[in-house]
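Colleague: What follows is a structure written as structure tokens; I'll ask about it next.
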Amino acid sequence: MPRPSSRITGITPSGKDGWEVHFAAMNRHQAGENIIMLSVGDHDFDTPSETVEACVTAVRGGFHHYTQLPGIPRLREAMAKISTRATGVPTSANEVIATPGGQAALYAAVQGVLDPGGHAIVVAPYYATYPGTFRAAGAGFTVVETVAEDGFQPRAEAIRKALQPNTRAILINTPNNPTGAVYSRKSLEGIADICRKQDLWLLSDEVYWTLGGGEHVSPRALPGMAERTLVINSMSKSHGMTGWRIGWLTGPEEIITLLISLNLVTTYGLTDFVSRAAVEALEQGYGVKEIAERYAARRNVWLEEMRGLNNVVVRGSEGGMYVMLDIRAVEPDCEKFAWAFLDAEKVAVMPGASFGDAAAGHIRISLCQPEKVLKEAASRLKRFVGDYGTVTESKSA
Numbered sequence: 009m010p011r012p013s014s015r016i017t018g019i020t021p022s023g024k025d026g027w028e029v030h031f032a033a034m035n036r037h038q039a040g041e042n043i044i045m046l047s048v049g050d051h052d053f054d055t056p057s058e059t060v061e062a063c064v065t066a067v068r069g070g071f072h073h074y075t076q077l078p079g080i081p082r083l084r085e086a087m088a089k090i091s092t093r094a095t096g097v098p099t100s101a102n103e104v105i106a107t108p109g110g111q112a113a114l115y116a117a118v119q120g121v122l123d124p125g126g127h128a129i130v131v132a133p134y135y136a137t138y139p140g141t142f143r144a145a146g147a148g149f150t151v152v153e154t155v156a157e158d159g160f161q162p163r164a165e166a167i168r169k170a171l172q173p174n175t176r177a178i179l180i181n182t183p184n185n186p187t188g189a190v191y192s193r194k195s196l197e198g199i200a201d202i203c204r205k206q207d208l209w210l211l212s213d214e215v216y217w218t219l220g221g222g223e224h225v226s227p228r229a230l231p232g233m234a235e236r237t238l239v240i241n242s243m244s245k246s247h248g249m250t251g252w253r254i255g256w257l258t259g260p261e262e263i264i265t266l267l268i269s270l271n272l273v274t275t276y277g278l279t280d281f282v283s284r285a286a287v288e289a290l291e292q293g294y295g296v297k298e299i300a301e302r303y304a305a306r307r308n309v310w311l312e313e314m315r316g317l318n319n320v321v322v323r324g325s326e327g328g329m330y331v332m333l334d335i336r337a338v339e340p341d342c343e344k345f346a347w348a349f350l351d352a353e354k355v356a357v358m359p360g361a362s363f364g365d366a367a368a369g370h371i372r373i374s375l376c377q378p379e380k381v382l383k384e385a386a387s388r389l390k391r392f393v394g395d396y397g398t399v400t401e402s403k404s405a
């Protein structure tokens, strides 16, 4: 066949994306093997029934035609109200564009602020799609690693040293996937200072904002930042709607207006009946409080199980849907550890190195299982860590 574009072949240039353990475990699980899946951030419960019924009503009401490119007006209004609450900055509907999921909001943000040949800084550990999203825009990026011993809080000085003449943006994620770290106001003020002085965009992925360990601080609320911050958000985590593909981008009206043209040539608008169900979920807050409480309880259960476990240290893990475990004292190679844990104890976890070098030597635990299952997985982890030397030696013999 004719040669494909470098744009698509360059998104994952190595052909290896770090999710090999998860996909192998998922295949074995679907084939009937009894594997505890702690490797992916998809809820183990259904979307709230009120949201589902709102969607059914909309379908039956005939709302299955084309919609406005930036989102139906009532959806944008509802998203603007949530953005006002989430970021602490009064937000109008014209400062919001609806997208098919948080990933599409991230894609829009990157396309909106970076030209081919431009440069961005990505704070790590990071969500797995970040590098490919920049490559799809033809942009370069430098990864700035946080330090596990700092609880994965970003250091402004490390970011400053990574600046290049063509740097146009910084991308952060708080509460963080994969670490669960919640960036402090001090950390965010340091990053904001760089953005103001260097005239940079700040791309702030805040899809876990309802699942933080305390008050959510958005950098958009800091002095001089509303006009240079694009906030990525989604209903997947907060409202239990992972498969519905509803997200949005919040930012200055001028760039949001320009991004409508991107929707014209990509999504051509969203699904009407899904949009109307999303409106009700946003306006009524279906599931938000319950989901936040559920993950807080699960996090507490897992952290309590880890208390006193020799050679395993919890890092970050104040919010979000994950716990990050430092297993370097047991096995420096986190991918090797994850494969061995899967084979020996039938538990799937993500190697931290999948999310950047900062998380190498760690494993990410997803809290998307009931407390009883999490306790069983923790028990298996304790046994595996205690027997690790014996298990790996016998396997290699």
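By the count of this note's numbering, the sequence shown reaches residue 405 at its end, each step adding exactly one. The C-beta atom is built at its ideal place from N, Cα and C for all residues, glycine as well. Since this is a predicted model, take the numbers as computed values, not measurements.
What are the start and end residues of each continuous alpha helix (DSSP H) run of 4 or more residues lying completely inside the segment 293-379, in chain order?
Modeller: Listed in chain order, the complete alpha helix (DSSP H) runs (minimum 4 residues) inside the segment 293-379 are 296-314 and 342-353.
Colleague: Give the secondary structure of Thr258 by DSSP, where H, G and I count as helix, E and B as strand, and everything else as coil.
Modeller: Residue 258 sits at position 250 when you count from the first residue of the sequence shown. Reduced to three states, the DSSP call for Thr258 is strand.
Colleague: State the start and end residues of the unbroken alpha helix (DSSP H) segment that holds Glu61.
Modeller: Along the sequence shown, one-based indexing puts residue 61 at 53. Unbroken alpha helix (DSSP H) run through Glu61: Ser57 to Arg68.
Colleague: Which same chain residues, not among the five before or five after Leu272, have their C-beta less than 7 Å away from its C-beta?
Modeller: If you number the sequence shown from 1, residue 272 lands on position 264. If we look at Leu272 and ignore the five residues flanking it on each side, its Cβ neighbours are Leu77.
Colleague: Are the CB atoms of Leu171 and Thr141 within a distance shorter than 8 Å?
Modeller: Along the sequence shown, one-based indexing puts residue 141 at 133. Along the sequence shown, one-based indexing puts residue 171 at 163. Not closer than 8 Å, so no.
Colleague: Using only the alpha-carbon positions, how far apart do Met332 and Val322 sit?
Modeller: Position 324 of the sequence shown, counted from the start, is the residue given in the question as residue 332. Position 314 of the sequence shown, counted from the start, is the residue given in the question as residue 322. Rounded to whole angstroms, Met332 to Val322 spans 6 Å at the Cα level.
Colleague: Opposite Asn35 in the DSSP bridges: which residues?
Modeller: Mapped onto the sequence shown, residue 35 falls at position 27. Per DSSP, none; premise fails for Asn35.
Colleague: Do you know offhand how far Thr65's Cα is from Asp280's?
Modeller: Within the sequence shown, numbered from 1, the residue matching residue 65 stands at position 57. Within the sequence shown, numbered from 1, the residue matching residue 280 stands at position 272. Their Cα atoms are separated by approximately 12 Å.
Colleague: Would you mind stating whether Met233 and Leu210 have Cβ atoms separated by less than 8 Å?
Modeller: Your numbering for residue 233 matches position 225 in the sequence shown. Your numbering for residue 210 matches position 202 in the sequence shown. A contact, by the Cβ cut-off of 8 Å.
Colleague: Between which two residues does the alpha helix (DSSP H) holding Thr237 run?
Modeller: For the purposes of this step, residue 237 is taken as residue 229 along the sequence shown, with counting starting at 1. No alpha helix (DSSP H) contains Thr237, which is instead part of the beta strand (DSSP E) from Thr237 to Ser242.
Colleague: Hey, which unbroken runs of the beta strand (DSSP E) at 3 residues or more fall wholly within the segment 103-129?
Modeller: Runs of the beta strand (DSSP E) inside the segment 103-129: 104-107.
Colleague: Report yes or no: do the segment 140-157 and the segment 292-309 share at least 3 C-beta pairs separated by less than 8 Å?
Modeller: No contact exists between the segment 140-157 and the segment 292-309.
Colleague: Which of the three DSSP states, helix, strand or coil, is assigned to Leu272?
Modeller: Position 264 of the sequence shown holds residue 272. Reduced to three states, the DSSP call for Leu272 is helix.
Colleague: Just the C-alpha distance for Ala407 and Thr187, rounded to the nearest angstrom, thanks.
Modeller: Not covered by the structure: residue 407. The range shown for the chain is 9 to 405.
Colleague: What is the DSSP secondary structure of Gly407, reduced to helix, strand or coil?
Modeller: Since the displayed the chain opens at 9 and closes at 405, residue 407 lies outside it and no answer follows.
Colleague: Could you work out which residue in Lys354, Asp395, Gly18 and Ile263 is closest to Gly40 when comparing CA atoms only?
Modeller: In the sequence shown, residue 40 corresponds to position 32, counting from 1. Out of Lys354, Asp395, Gly18 and Ile263, Lys354 has the C-alpha closest to the C-alpha of Gly40.
Colleague: Do Gly328 and Asp102 come within 8 Å of each other at the CB atom, strictly closer than that value?
Modeller: Residue 102 sits at position 94 when you count from the first residue of the sequence shown. Residue 328 sits at position 320 when you count from the first residue of the sequence shown. Note that residue 102 is Asn in the sequence shown, not Asp. For Asn102 and Gly328, no; Cβs fall outside 8 Å.
Colleague: Any idea what DSSP makes of Asp52, helix, strand or coil?
Modeller: In the sequence shown, residue 52 corresponds to position 44, counting from 1. Residue state, collapsed to three classes: coil.
Colleague: Are there three or more Cβ pairs, one per stretch, closer than 8 Å when the segment 380-397 is compared with the segment 305-324?
Modeller: Counting Cβ pairs under 8 Å, three or more are found: they touch.
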